[in-house]
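Below is one structure, written out as structure tokens; comments come after it.
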Amino acid sequence: MLLSTAGGIEIVAQASDGETALAALADEEVDVVLTDARMPGMDGVELTSQCATRYPGLPVLVLTTFDDDALVQSALAAGASGFLLKDTSVEGLTAALHAVIDGGMVIDPRVAKAAMRTKDSRDEPLAILTRGERIVAELVARGLTNPEIAETLVLAEGTVKNHVSALLRKLDARDRTALALTLYKALGD
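Residue numbers for the sequence shown follow UniProt numbering, so the first one is 1 and each next one is one higher.
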């Protein structure tokens, strides 16, 4: 792999899916995780979420061939420290790895608009929500079900359910219908 010969990067483990990567993380001391967004089984977004929970502070850099706004947003909401397209040069990837190891955040300029997209000030009641909750909130407001949200954001259905539960609690909604109505009004859609 070209990366192993570039810029002081040492590859200590490789995995073809998220479950294998998590197992490797339990056995190896690593400074950064580089993952594909789309893998069989546990994908890179869910791996990012698991890393954020199990290994707080461990930077995760997500790679993909897809310029997909929802994928960018879900990866960042899961806790990714960076998001790059796979056609990034070896030098660019090496620089990005060093940047996230040093505590920075790296977003491919071609997907930066998706990463920075926010609502205007009319959604102030939603200011207490995390980035992930806000993304899920927008889809709940549109009437999507948990499985539809999971598919759209490339998240596990359980992760979506956790976000919806947090939304119900934080916005003091008695049920999903009340939540959807509250969100619809707050988002002005």
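For glycine and all other residues, C-beta sits at the position ideal for the given N, C-alpha and C.
Collapsed DSSP secondary structure at residue i in the structure displayed
| i | result |
| --- | --- |
| D31 | coil |
| G82 | strand |
| V154 | coil |
| I9 | coil |
| T118 | Because the pLDDT at T118 is just 42, under 50, the model does not fix this residue reliably, and the point stays unresolved. |
| D123 | Residue placement at D123 is flagged as unreliable, the pLDDT there being 45, under the threshold of 50; the coordinate-derived value follows with that caveat. It is helical. |
| E19 | helix |
| residue 237 | Residue 237 is absent from the model: the chain starts at 1 and stops at 189. |
| V58 | Sequence check: residue 58 is Leu here, not Val. DSSP places L58 in coil when its eight states are reduced to three. |
| T159 | helix |
Test item: CB-CB of residue i and residue j under 8 Å
| i | j | result |
| --- | --- | --- |
| V32 | P59 | yes |
| V72 | G44 | no |
| E29 | A13 | no |
| K185 | I128 | no |
| L97 | L34 | yes |
| A173 | V160 | no |
Identity of the residues DSSP links to residue i by a beta bridge
| i | result |
| --- | --- |
| D36 | L63 |
| V90 | Per DSSP, none; premise fails for V90. |
| I107 | F83 |
Endpoints, alpha helix (DSSP H) assigned at residue i
| i | result |
| --- | --- |
| D69 | 69-77 |
| S49 | 44-54 |
| A141 | 131-141 |
| R174 | No alpha helix (DSSP H) contains R174, which DSSP labels as neither H nor E. |
Cβ neighbour criterion (16 or more within 10 Å) applied to residue i
| i | result |
| --- | --- |
| S121 | Confidence is the limiting factor: at S121 the pLDDT is only 38, short of 50, which leaves the residue's position unreliable, though a coordinate-based value still follows. Its Cβ having fewer than 16 others within 10 Å, S121 is exposed. |
| S74 | buried |
| T118 | With a pLDDT of only 42 at T118, under the threshold of 50, the placement of this residue in the model should not be trusted; the figure read from the coordinates follows. T118 is exposed by the Cβ-count criterion. |
| G158 | exposed |
| L25 | buried |
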